[in-house]
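Numbering (my numbering), first residue to last: 14 to 354. Think of the CB as a built atom: it goes at the ideal place given N, C-alpha and C, for glycine as much as any other residue. These numbers were taken from a predicted model, which means no experiment stands behind them. This report refers to the structure that appears directly beneath it.
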């Protein structure tokens, strides 16, 4: 994984995609018009990461986890380039209830404590993977995501927030065999095309045949506890419908607003291909995080063909040899064929 770079005087976010000797190729996530030779480029020293913690659900992000409502509040409806905001609010306080005691042994993936993220979703704050130690101090009460909630021997301090590289899968012990059906809420799907929890499915089809509508129906009615919806390269009007409709819907299972158990990743087709390529990884990281808490998570990616198209464009800019049907040689043909998982 390569580092994220800040390009130009406006510090546009970009990612290194190739190193050739002393030359570094950077794909910028934003519009690059006006960038001139000689402008400064700064290395952040870390790959593209997302913030994981309370406050993810109910939020709307772009492909690199910038919260769009926050940016709109600062800049209005027309968001300029070069603006950044943290993925999790630094002002909101959460009532943290510890689940460990001082003197106990903590290990990666263990529940450190809980906060009530939504009416029907308890956020289980986890010890970061590959972190072990003896708890020397634990706090409780109202705290922000970057406040220290526990300390381990050796001086390690833990907060409710984790930073995780999006292209690095979160560790797992093993894969459980899918055996429990996912109730989609659509009888024709449950009868003719049953889906198992822990499995994957694709909705292939031509333009205008109802793929996006089917995914929106699945998001509304499936019996998953958490839904992550990724609009990857979708038309602006389709994504607008999602962004305006979902916040008004009521969860049929809980009676609470549907957005309380959802997070939206909005990356429309007019955005740079690098952000489109990153958006699916961003959504997958959020889904893996809630999976680690023990929740059933439904991940909708609309659409994987436009995700593959973004990878193909980046691959062609690097002058790589194309694979069958023009997709990058390292991309599985199945990902290129399917429209939406």
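Check: Under the three-state DSSP convention, the category residue 170 falls into; Outcome: strand
Check: Residues near residue 160 by beta carbon distance below 7 Å, same chain, minus five either side; Outcome: 172
Check: C-alpha distance - residue 27 paired with residue 73, whole-angstrom precision; Outcome: 21 Å
Check: Reduced DSSP category for residue 25 - H, G, I as helix; E, B as strand; rest coil; Outcome: strand
Check: Sub-9 Å separation of residue 302 and residue 125 beta-carbons; Outcome: no
Check: Bridge-paired residues (DSSP) for residue 154; Outcome: 109
Check: Per-residue DSSP class, three states only, for residue 165; Outcome: strand
Check: Nearest residue (CA-CA) to residue 214, options 317, 113, 81; Outcome: 317
Check: For residue 228, the three-state DSSP class (helix, strand or coil); Outcome: helix
Check: Whole-number beta carbon distance between residue 308 and residue 239, since they are thought to touch under 8 Å; Outcome: 5 Å
Check: Buried versus exposed call for residue 119 [16 or more other C-beta atoms within 10 Å across all chains shown]; Outcome: buried
Check: Cβ contact check for the region 241-260 and the region 315-329: 3 or more pairs under 8 Å; Outcome: yes
Check: Bridge partner(s) assigned by DSSP for residue 137; Outcome: 127
Check: Reduced DSSP secondary structure (H/G/I, E/B, other) of residue 250; Outcome: helix
Check: Beta-ladder partner(s) of residue 279, from DSSP; Outcome: 244
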